[in-house]
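In the numbering used here, the protein residues as written are 54 to 186.
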């Protein structure tokens, strides 16, 4: 079953490849303010069906970009460096290079925008982005 994430006004919609089993809630200053619950995907897994009035925001485009609907203001999706490739969930590096910025990119979708989502099937991880990034 294909799930669709859509903003409030419907100008942005994204097809998910299936029902996610894992998601993350982050407390970094950005995610805390938007209230998003993120599901992560590889590049090519998501299909942007419409992005008619899309805007984007980033404090550092080299690390990530947050997309939102400029009409209704909903935080829709994002693209970022795949920090999980180089760092553990507690913020410690997986290797010796503490300044490593991974080359891999991942996409994320705000699951609060999916009407047919079965939240009971999700394992939600809490990320401490406020203290670890």
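Every residue, glycine too, gets a C-beta built ideally from N, C-alpha and C.
{"Asked": "Do residue 55 and residue 107 have their CB atoms nearer than 8 Å?", "Found": "no"}
{"Asked": "Taking the alpha carbon of residue 135 as the reference point, which residue from 177, 118, 63 has its own alpha carbon closest?", "Found": "118"}
{"Asked": "Span of the alpha helix (DSSP H) holding residue 185?", "Found": "182-185"}
{"Asked": "Should the segment 142-162 be regarded as contacting the segment 115-134, the criterion being three or more beta carbon pairs within less than 8 Å?", "Found": "yes"}
{"Asked": "From what residue to what residue does the beta strand (DSSP E) around residue 122 run?", "Found": "117-122"}
{"Asked": "State the Cα-Cα distance for the pair residue 89 and residue 128, rounded to the nearest angstrom.", "Found": "7 Å"}
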